[in-house]
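Chemist: Okay, handing you the structure first.
The following block contains the structure:
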């Protein structure tokens with residue numbers, strides 16, 4: 351009787367919800383930072399371990415890595431190797447995160463600004479990329495986006511208020527009890 355109908359109805363609802371989540375994530379995505387990282391490394395001739403291995407024993411990096419500091423600030427003039435340094439650090443950190451191990455409990459999110467590419471050279475794009483990687487690793491976090499997205503659609507990520515809306519979403523995500 352009612353049992354098969356109930357099951358198919360729930361499956362349909364679940365599939366519809368997943369479709370909406372997929373559409374939301376696709377609208378959020380301005381770029382995939384993982385693809386940007388690969389492109390940057392290949393464009394710059396590959397990643398050399400000697401160009402970044404020193405940071406792995408740097409006191410500031412170690413404090414940040416062991417949660418003693420919430421901010422790791424890498425600064426320097428253009429062309430000094432900041433991007434490749436971070437590519438190497440990401441490679442070292444990734445195996446222990448959900449970027450590479452779906453059973454891991456740690457998430458890692460990053461974004462590469464590129465001054466010459468108007469799609470990824472602004473603060474809104476940075477937030478979109480950071481949120482995208484977080485939700486991609488822990489899909490339940492999409493609930494923090496969906497309330498606003500279900501009302502505004504893709505315009506949520508592009509209109510004049512996108513920075514403020516995304517900042518609020520990012521704040522909710524990083525305060526999520528599951529993190």
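Numbering (this note's numbering), first residue to last: 351 to 529. From the three backbone atoms N, C-alpha and C, an ideal C-beta is built for every residue, glycine too.
Out of 461, 492 and 438, which has the shortest C-alpha to C-alpha gap to residue 400?
Modeler: 438
Chemist: For residue 405, which residues of its own chain have a beta-carbon under 8 Å away from its beta-carbon, when the five flanking residues on both sides are left out?
Modeler: 411, 435, 438 and 439
Chemist: Any idea if residue 452 is buried or exposed, counting beta-carbon neighbours within 10 angstroms, 16 or more meaning buried?
Modeler: exposed
Chemist: On the DSSP bridge assignment, give the partners of residue 447 in chain order.
Modeler: 456
Chemist: Starting from the C-beta of residue 513, find all residues in its chain whose C-beta is less than 8 Å away, skip the five residues before and the five after it, and write them out in chain order.
Modeler: 473, 474 and 477
Chemist: Does residue 461 come out as helix, strand or coil in the three-state DSSP assignment?
Modeler: Looking at residue 461 - three-state DSSP - the assignment turns out to be coil, as it is neither helix nor strand.
Chemist: For residue 387, is the classification buried or exposed, using 16 other Cβ atoms within 10 angstroms of its Cβ as the cut-off for buried?
Modeler: buried
Chemist: Under 7 Å Cβ to Cβ from residue 492, same chain only, skipping five residues before and after it: list those, please.
Modeler: Closer than 7 Å at the Cβ level, and outside the excluded window around residue 492, lie 371, 374, 375 and 485.
Chemist: With DSSP as the reference, label residue 381 as helix, strand or coil.
Modeler: coil
Chemist: When DSSP labels each residue in this structure, what does residue 514 get in the three-state scheme?
Modeler: helix
Chemist: Would you call the region 505–523 and the region 383–397 touching, i.e. three or more CB-CB distances under 8 Å?
Modeler: No: the two stretches stay apart, fewer than three of their Cβ pairs being nearer than 8 Å.
Chemist: Going by DSSP in three states, residue 352 sits in which element: helix, strand or coil?
Modeler: Residue placement at residue 352 is flagged as unreliable, the pLDDT there being 49, under the threshold of 50; a coordinate-derived value is accordingly withheld.
Chemist: Could you tell me which of 528, 483 and 413 sits nearest to residue 461, measuring between CA atoms?
Modeler: Out of 528, 483 and 413, 483 has the C-alpha closest to the C-alpha of residue 461.
Chemist: Taking the alpha-carbon positions, what's the residue 526 to residue 382 distance?
Modeler: 23 Å
Chemist: Which of the three DSSP states is assigned to residue 423 in this structure?
Modeler: Residue state, collapsed to three classes: coil.
Chemist: According to DSSP, is residue 489 helix, strand or coil?
Modeler: helix
Chemist: Looking at residue 498: is its Cβ nearer than 8 Å to the Cβ of residue 515?
Modeler: Yes.
Chemist: What does a CB cutoff of less than 8 Å around residue 397 pick up in its chain, not counting 5 residues either side in sequence?
Modeler: 391, 434, 437, 438 and 441
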